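Okay, structure first, notes after.
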Amino acid sequence: MKDVTDMGALTHGGRLAKFGVTAAAVAAIALCGCTAGTALAAPSASAKPAAVTASAAKAAPSATATDVAKVTTATYVAPKRTLAVGMTGADVKSVQRRLAALKYWPGPIDGQFGTDTQAAVWAFQEINGIKVTGVIDAATKYRLAHPKTYKSPSYKGKRANRIEVSQALEVLVLYKNNKIWLISHVSSGGGYYYNCGSNGCAQAVTPNGTYNTTVYMSGWVKVPLGAMYNPVFFISTVFAIHGDDYVPQGPASHGCVRIPMDVANFFHKMVKTPGTQVHVYGKAQWQK
């Protein structure tokens, strides 16, 4: 495991500075933010995970991925009711099936509109360019019947197997053989400044760029400002894609890419670590 104090390696010869992230800023994050230093590498025995649904570990996206562009709309009928968190019924189950067919992760297809389904609706609304409410409203019903397809950006060295994180949309898209296998809502760096005590202050920024996964750590991993669940690191052991019990609609992390807990329960099994390409791009929502 590479030492997180290796700033030359972390800045990739000035690559992060190109995106406004200096070696000093990365060092500050490494000392007090979204990082797992070598002394903190082992999962915490005392950390208590947020609730993860019992069926989540068994219900990862199907190994027979369907290209989103090929999902037909002829047989789908949008629900009549406006649906929101806490509601139940066959129409909720129908929406969950639809989201799953489009490669979003609504949680168990059980007819219960919980937080997993809400996060999937956020991601769907983000990609479809409609107001992000987490509610199955009129605009969302229309797009469920006539969905837009996520547009992968153009960048050098793009691989068939990759992870793309859009900070403008706050979504993660996982590709295998150039087909979408998973679309998840995320919460990236919030742009705020936070106090690192004797180490000064740091800005909560997720650096744009193209990287590779480096290491996966199982379970809860303690860091100076909290803990990460099942982190998959993509810049040394400083920045990771990880589960968290707080993944709000907008950017809120110290710099890592947060994903819902139930997604984090299987995400690491879908990517090769080390070596899977991670492309982070777009203007962060707090910069707009």
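According to mature numbering (1 follows the signal peptide of the UniProt record, and there is no 0), the stretch in the sequence shown is residues -41 to -1, 1 to 247, in order.
We put the CB at the ideal spot given by N, CA and C, even for glycine.
Since the model is a prediction, treat every value here as computed from it, not as a measurement.
> Rounded to whole angstroms, how far is the Cβ of alanine 79 from the Cβ of proline 65, which I believe are closer than 8 Å?
Replying inline: Correct: roughly 4 Å between the Cβ atoms.
>> Assuming the contact rule is C-beta atoms closer than 8 Å, aspartate 222 and serine 143 should be a hit. Round their C-beta distance to whole Å, please.
In response: Note that residue 222 is valine in the sequence shown here, rather than aspartate. Valine 222 to serine 143, Cβ: 5 Å. Contact.
>> Quick check on the DSSP output: the alpha helix (DSSP H) that includes histidine 227 runs from which residue to which?
In response: Looking at the DSSP string, the run of the alpha helix (DSSP H) that includes histidine 227 is 220 to 229.
> To which residues does DSSP link glutamate 123 through a beta bridge?
Replying inline: Glutamate 123 is bridged to Val132, His238.
>> Tell me the residue span of the beta strand (DSSP E) that contains isoleucine 200.
In response: It spans 198 to 203 - the beta strand (DSSP E) in which isoleucine 200 sits, taken as one unbroken run.
>> With a threshold of 8 Å, are at least 3 pairs of Cβ atoms found where one atom belongs to the region 163 to 171 and the other to the region 231 to 247?
In response: Verdict: yes, contact present.
> Between the region 214 to 228 and the region 103 to 110, are three or more C-beta pairs nearer than 8 Å?
Replying inline: Judged by Cβ distances under 8 Å, the region 214 to 228 makes no contact with the region 103 to 110, as fewer than three pairs qualify.
> Excluding the five sequence neighbours on either side, which residues of its own chain have a C-beta within less than 7 Å of the C-beta of threonine 41, listed in chain order?
Replying inline: Here the set comprises Val94, Ile95, Asp96.
>> With distance defined between alpha-carbon atoms, name the residue in Thr47, Phe225, Arg56 nearest to valine 36.
In response: Considering only alpha carbons, the answer is Arg56.
> Buried or exposed: which applies to valine 44, given that a residue is buried once 16 or more other Cβ atoms fall within 10 Å of its Cβ?
Replying inline: With fewer than 16 Cβ atoms within 10 Å of its Cβ, valine 44 is classed as exposed.
>> Quick check: the Cα distance between proline 67 and proline 190, rounded to an integer number of angstroms?
In response: Straight across, the Cα-Cα distance linking proline 67 with proline 190 is about 23 Å.
>> If the criterion is Cβ atoms closer than 8 Å, does the pair alanine 82 and isoleucine 89 meet it?
In response: No.
>> Pairs of beta-carbons, one from the region 129 to 137 and one from the region 180 to 194, closer than 8 Å: are there three or more?
In response: At 8 Å Cβ cutoff, the stretches do not touch.
>> Restricting to Cα atoms, I'd like to know which of Thr232, His213, Pro233 is closest to asparagine 154.
In response: Of the candidates Thr232, His213, Pro233, the one whose C-alpha sits nearest the C-alpha of asparagine 154 is His213.
>> Buried or exposed, going by whether 16 or more other CB atoms sit within 10 Å of the CB of lysine 247?
In response: Label assigned to lysine 247: exposed.
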